[in-house]
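Student: Under numbering that gives the first Met the number 0, read the sequence shown as residues 0 to 208, first letter to last. Below: one structure in structure tokens.
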Amino acid sequence: MQMDVSKFDKIAREVFAPAYPLIAAQVVERTGITEGVCLDIGCGGGYLGLALAQTTGLFVRFFDQSREMLEIVRCNIAAHGLETRTDTLSGDVESIPLPDGSVNLAVSRGSVFFWDQVQAFQEIYRVLAPGGMSYIGGGFGSAELKAEINRKMEARPEDNGQWRERMAKNLGADAPRQFEEALRSAGIPDFEIDNSDDRGLWVIIRKSP
């Protein structure tokens with residue numbers, strides 16, 4: 000998928016920025032994981048992982064297939080003084096270049112909709128440590144913030160209805176069923192699909208201790 004990296008990051012910084020701390024807090028609330036290794040998959044500019052690194056004891060590994068995005072991540076890491084508690088990794092979620100059982104928490108916001116979900120969920124489950132969990136999907140932190148972000152995205156001159164169409168596809172009524180089918184096809188034994196107007200649509204995978 001071709002991406003205008005600078006444009007993508009500008010939107011993340013200027014439109015989505017208020018959502019990341021809220022989502023990070025929801026990750027901690029739902030998983031209870033605040034120590035160990037966190038893998039931020041399809042991390043983009045790293046804003047969710049940065050919010051987690053700033054508020055927990057997690058070591059955050061930023062994972063993306065775009066080397067340009069990882070350059071932005073490294074600049075953001077340095078700006079926050081988090082060099083000793085983070086690193087970056089290039090690769091594809093369908094073949095994660097990490098050993099089995101090496102990740103305590105896997106997070107991802109917004110990129111799951113572009114994956115081969117069956118293969119990706121299998122890989123995420125493989126790298127989760129015993130007792131590890133995932134929080135993967137899409138959301139905006141709160142219903143109020145979702146409405147504000149939707150308004151800003153739809154107001155862009157170049158939008159032409161594309162944002163509304165994408166949201167209907169990614170977070171519409173059929174999306175939870177599609178996630179469930181992919182998770183079952185991937186053989187994931189323990190998962191929950193959290194779907195609410197407040198939090199968004201998230202896949203929570205648990206790996207037994």
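Every residue, glycine too, gets a C-beta built ideally from N, C-alpha and C. Fair warning: this is a prediction, and the values are worked out from it, not measured in the lab.
1) Mapping the DSSP letters down to three states, classify Phe113 as helix, strand or coil.
2) Excluding the five sequence neighbours on either side, which residues of its own chain have a C-beta within less than 8 Å of the C-beta of Asp39, listed in chain order?
3) Rounded to a whole number of angstroms, what is the C-alpha to C-alpha distance between Lys151 and Glu13?
4) For Asp3 and Val72, I'd like the C-alpha separation in whole angstroms.
5) For Ile203 versus Tyr134, is the C-beta distance shorter than 8 Å?
6) On the DSSP letters alone, give me the boundaries of the alpha helix (DSSP H) that Leu21 sits inside.
7) By how many angstroms is the C-alpha of Ile187 removed from the C-alpha of Ala119?
8) Please report the distance separating the alpha-carbon of Gly160 from that of Glu153.
9) Would you kindly work out how many angstroms separate the C-alpha atoms of Val26 and Asp158, rounded to a whole number?
10) Can you name, in chain order, every residue of its own chain whose Cβ lies under 8 Å from the Cβ of Glu34, other than the five neighbours on each side?
11) If you compare alpha carbons, which of Leu127, Asp193, Arg165, Ala174 is closest to Val36?
Tutor: Let's see:
1) helix
2) Gly45, Leu47, Gly48, Leu51, Val59, Arg60, Phe61, Phe62, Val106, Ser107
3) 10 Å
4) 15 Å
5) yes
6) 18 to 30
7) 11 Å
8) 7 Å
9) 30 Å
10) Thr55, Gly56, Leu57, Asn103
11) Leu127
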